[in-house]
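S.K.: In this note's numbering, the protein residues as written are 535 to 809.
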Amino acid sequence: MTATVSALHIYPIKGCRGIDHVSAVVEARGFRHDRRWMLVHKDTGGFLSQRSHPEMARMEVAVGTVGTLTVGYDDMAFTVPFLPDRELTRCEVSVWAFTGNALDCGDEAATFFSDALRIPVRLTRVPDDFSRRVKPEFAVTPDDGAGFADAFPMLLTTEPSLTDLNTRLAATVPMDRFRPNIVVSGDFAAWSEHAWQTVQFGDGARFHSVKPCDRCSVTTIDQKSGAKTGVEPLATLATFRRDPQTGKVYFGVNLIPGRESISRTISVGDSLTLG
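1) Have a look at residue 809 and residue 732 and give me their C-alpha separation to the nearest angstrom.
2) If we cut at 8 Å on Cβ distances, does residue 719 have a partner in chain C?
3) CB-CB under 7 Å to residue 655, same chain, minus the five flanking residues each way: which ones, in chain order?
4) Return the Cβ separation of residue 798 and residue 560 in integer angstroms, given the expectation that the two are a contact with Cβ distance under 8 Å.
5) DSSP three-state label for residue 535, please.
6) Decide if residue 617 is buried, meaning its Cβ has at least 16 other Cβ atoms within 10 Å, or exposed.
7) Using the Cα positions of residue 795 and residue 739, report the straight-line distance between them to the nearest angstrom.
8) Could you give the DSSP three-state label for residue 596: helix, strand or coil?
9) In this structure, what does DSSP give as the bridge partners for residue 688?
10) Looking only at its chain, what residues have a beta carbon closer than 8 Å to the beta carbon of residue 755, apart from the 5 residues adjacent to it on each side?
11) Could you give the distance in angstroms between the alpha-carbon of residue 775 and the alpha-carbon of residue 783?
12) Quick one, are the C-beta atoms of residue 680 and residue 563 less than 8 Å apart?
13) For the segment 601-612 and the segment 623-630, state whether three or more C-beta atom pairs, one from each stretch, are separated by less than 8 Å.
14) Where does residue 807 sit, in a helix, a strand or coil, going by DSSP?
15) Using the DSSP secondary-structure output, state which residues sit across from residue 683 in a beta bridge.
16) Near residue 651, which residues of its chain fall below 8 Å by C-beta distance, leaving aside the five closest residues on each side in sequence?
17) Quick one: using the 10 Å Cβ neighbour count with 16 as the cut-off for buried, is residue 688 buried or exposed?
18) Do the segment 739-752 and the segment 669-676 touch if we need at least three Cβ pairs shorter than 8 Å?
19) Helix, strand or coil: how does DSSP classify residue 797 here?
20) Given this structure, state the Cα-to-Cα distance separating residue 785 from residue 613, to the nearest angstrom.
21) Tell me which same chain residues have a C-beta within less than 7 Å of the C-beta of residue 666, skipping the five on either side of it?
22) On the CB-based measure, 16 or more other CB atoms within 10 Å of its CB, does residue 548 come out buried or exposed?
23) Can you grab the Cα-Cα spacing for the pair residue 696 / residue 568, in whole Å?
24) So residue 659 and residue 636 are supposed to be a Cβ contact under 8 Å. How far apart are they, rounded?
25) Between the alpha carbons of residue 518 and residue 539, how many angstroms are there, rounded?
Below is the structure:
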């Protein structure tokens, strides 16, 4: 059996468009720059996502080589510098049941995103001392945590599973509907990734596969236009990938990086060793 990394993606701002990468550096909270920024409601600090604001898919994000984050939306553009933590104000934010402190990126950023989305929002960033633990029942070590991702540091999907899903759909969907970090191709069976326990990449970066990823309505949003497309692929996926006990619908697997993987690089073309 062969398995190879076919694509890598990061999503600097939670819910906004992703960036394709040839290589990516592993950090404890996931790939470097992945979901390190997040838009929150000004009054509550609650996070925004495509579930309620599908137009976020049209927000193009670029990470500069000189420590900047540039965002383009329709005919608007804005650049956010990577300021030191000490120069930014702390604020309280929430991601699902988690509540904690983040860094507010300032009034200019807030004005740009508020104008774009037509609601009052703030742009926030993960601070260096951010602490958000993975649920204990899935953690490999007590220190395992995530940034602003929904629940886990990383998501892996496979091309064989997408191919199988697309054979069941009237109109095929691209992989970006599932917003993965790592896409794997190979001659393994569709859906076999749900049984993988460990995944090791080319230079020795090793990850623990801790659970299948449960999917939501974001999979029904066109990631180029930001348009809702109906009920697919989620409706069809639910007919054969639903957990009868929890009712959740799965595609892909959630990963936690092993301690030995921190600062290692994963690249497109890397082979995988599965355990």
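Cβ atoms here follow ideal geometry from the backbone N, Cα and C, with glycine treated the same way.
M.R.: Reading it off the structure:
1) For this step, residue 809 is matched to residue 275 along the sequence shown. For this step, residue 732 is matched to residue 198 along the sequence shown. Spanning the two alpha carbons is a distance of roughly 5 Å.
2) The question asks about chain C, but that chain is absent: this structure has only one protein chain.
3) Taking the sequence shown and counting its residues from 1, one reaches residue 655 at position 121. For residue 655, where only same-chain residues beyond five positions count, the Cβ hits under 7 Å are 573, 574, 575, 576, 582, 644, 647 and 648.
4) Residue 798 sits at position 264 when you count from the first residue of the sequence shown. Residue 560 sits at position 26 when you count from the first residue of the sequence shown. Contact holds; Cβ gap of about 5 Å.
5) Residue mapping note: residue 535 aligns to position 1 of the sequence shown, counting from 1. Note: residue 535 maps to coil in three-state DSSP.
6) By one-based count along the sequence shown, residue 617 stands at place 83. Answer is exposed; the Cβ neighbour count stays below 16.
7) Here the question's residue 795 lines up with position 261 in the sequence shown. Here the question's residue 739 lines up with position 205 in the sequence shown. Answer to the nearest angstrom: the Cα atoms are 4 Å apart.
8) Reading the sequence shown from its first residue, position 62 is the one you call residue 596. Correct three-state label for residue 596: strand.
9) Position 154 of the sequence shown, counted from the start, is the residue given in the question as residue 688. Note: residue 688 sits in a beta bridge opposite 789.
10) Counting from one through the sequence shown, the residue named residue 755 turns up at place 221. The answer, listed in chain order, is 584, 588, 591, 711, 761, 762 and 763.
11) Your numbering for residue 775 matches position 241 in the sequence shown. Your numbering for residue 783 matches position 249 in the sequence shown. So the two alpha carbons sit approximately 6 Å from each other.
12) Counted from its first residue, the sequence shown places residue 680 at position 146. Counted from its first residue, the sequence shown places residue 563 at position 29. Closer than 8 Å, so yes.
13) no
14) Locating residue 807 in the sequence shown gives position 273, where the first residue counts as 1. Three-state DSSP puts residue 807 in a strand.
15) If you number the sequence shown from 1, residue 683 lands on position 149. Beta-bridge pairing links residue 683 to no other residue.
16) Against the sequence shown, residue 651 aligns to sequence position 117. Taken in chain order, the residues that qualify are 573, 582, 587, 589 and 590.
17) Translated into positions along the sequence shown, residue 688 becomes position 154. By the 10 Å Cβ count, residue 688 comes out buried.
18) yes
19) Working through the sequence shown from its first residue, we reach residue 797 at position 263. Coil.
20) Counting from 1 along the sequence shown, the entry for residue 785 is found at position 251. Counting from 1 along the sequence shown, the entry for residue 613 is found at position 79. Residue 785 and residue 613: Cα-Cα distance of roughly 34 Å.
21) In the sequence shown, the residue the question calls residue 666 occupies position 132. So the list reads 632, 634, 679 and 680, once near-sequence residues are dropped.
22) Here the question's residue 548 lines up with position 14 in the sequence shown. The residue is buried, with at least 16 neighbouring Cβ atoms inside 10 Å.
23) In the sequence shown, residue 696 corresponds to position 162, counting from 1. In the sequence shown, residue 568 corresponds to position 34, counting from 1. Cα to Cα, the separation comes out at about 23 Å.
24) Here the question's residue 659 lines up with position 125 in the sequence shown. Here the question's residue 636 lines up with position 102 in the sequence shown. Their Cβ separation, rounded to whole angstroms, is 6 Å, which keeps residue 659 and residue 636 in contact under 8 Å.
25) Since the displayed the chain opens at 535 and closes at 809, residue 518 lies outside it and no answer follows.
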